[in-house]
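Residue -12 is where the sequence shown starts when you use our numbering, and the numbers rise one by one after that. Glycine residues also receive a C-beta, built at the ideal position from the N, C-alpha and C atoms. Reading through the structure tokens given below for one structure.
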Amino acid sequence: MYFHILCLLVLFCPTCPQPGINVYPEATDNLLNQDTDPCSWKYNWTLIMDGNFKAEHLYDRRTDGQVWLMDGLGFMVSWLPYHEYLAASHYPIERSSCNNHKAVNQVNSSHAWLEATGIGAMACACYGCFVPHSVVDFQKGERQVNMDYSLANALQYNMQGVCCVISFYDVNCSYMRKLRQRVGNNDFLKFPKDLEIIPGIGIWHVHGHQPQCFSRYAPFLWIHPRNVIATQTGAAGLSDE
């Protein structure tokens, strides 16, 4: 209830399945038995994670006069809980197991004059609608600690009964490796119970990865024991790393 009060001033994609809003709540009651329902795929969410390094923010010269007009009521996460999470979370230095990528390399860059080096967000992969209360700012590039908070908030928005999310991210081959472990060890993060996350990498980015990433994450044809889906933004790969 508290989460929905936070993002009170914005709306999400009208076509993504949201039980109680554009889907009858009872329609998702039996989604845990998706093996027996060949149409269960239509209740899946398809999201994209990404960062923007152009949205920089300098330190304010005068901080005493700053007034938050709608902190946490829009697409940005609430400032205080987010920074409490950052202060309490101690992530190791990130090293990509794949090719060098800008998103990972910028983690160790120095931007002492910037309060935020960019922003990260979750959005609907089909129509680009941002998920309310999921946009975070970066302090040292696009770190896992930032994107974990964005993802955890996105997966709390109107997902009661949704059991599967297809998530696209440019560096999913590295990001998904220990996602469950990071979330399980952090008191600030929480994922819906029994939620399956299937990772993918967009076709433009996957060609910059190693060959094995193409076969696991390229968005051509996603084959799953429950169903077969071929879409422009489909996924390839398994949720277990």
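Secondary structure remark: continuous alpha helix (DSSP H) runs of at least 4 residues inside the region 90 to 167, in chain order: 131 to 141, 159 to 162.
In the same chain as Asp47, and ignoring 5 residues on each side of it, the C-beta atoms closer than 8 angstroms to its own belong to Gln53, Glu102, in chain order. Excluding sequence positions up to five before and after Ile188, its CB lies within less than 6 angstroms of the CB of Asn159, Tyr204, all in the same chain and listed in chain order. Note on geometry: alpha-carbon atoms of Ile153 and Trp55 lie some 34 angstroms from one another. By the Cβ test, the region 137 to 145 is in contact with the region 113 to 121, since at least three Cβ pairs between them sit closer than 8 angstroms. For Pro6, the secondary structure class from DSSP, reduced to helix, strand or coil, is strand. Excluding five sequence positions before and after Asn173, the CB atoms of its chain that fall closer than 7 angstroms to its own CB belong to Ser76, given in chain order. Per DSSP, the continuous beta strand (DSSP E) segment holding Pro186 begins and ends at 183 to 187. The straight-line gap separating the alpha-carbon atoms of Val149 and Leu182 is approximately 7 angstroms. Judged by beta-carbon spacing, Gly105 lies within the 7 angstroms limit of Phe40, meaning their Cβ atoms are closer than that value. Assignment of Leu56 by DSSP, reduced to helix, strand and coil, places it in the coil class. Rounded to the nearest angstrom, the gap between the Cα atoms of Arg167 and Gly61 is 27 angstroms. Nearest in C-alpha terms to Gly59, of all of Val132, Leu(-5), Arg130, is Leu(-5).
Residue pairing from DSSP leaves Trp28 without any beta-bridge partner.
By the 16-neighbour rule on beta-carbons within 10 angstroms, Gly171 is exposed. Contact annotation, Glu129 with Gly38: C-beta distance approximately 4 angstroms; criterion of less than 8 angstroms satisfied.
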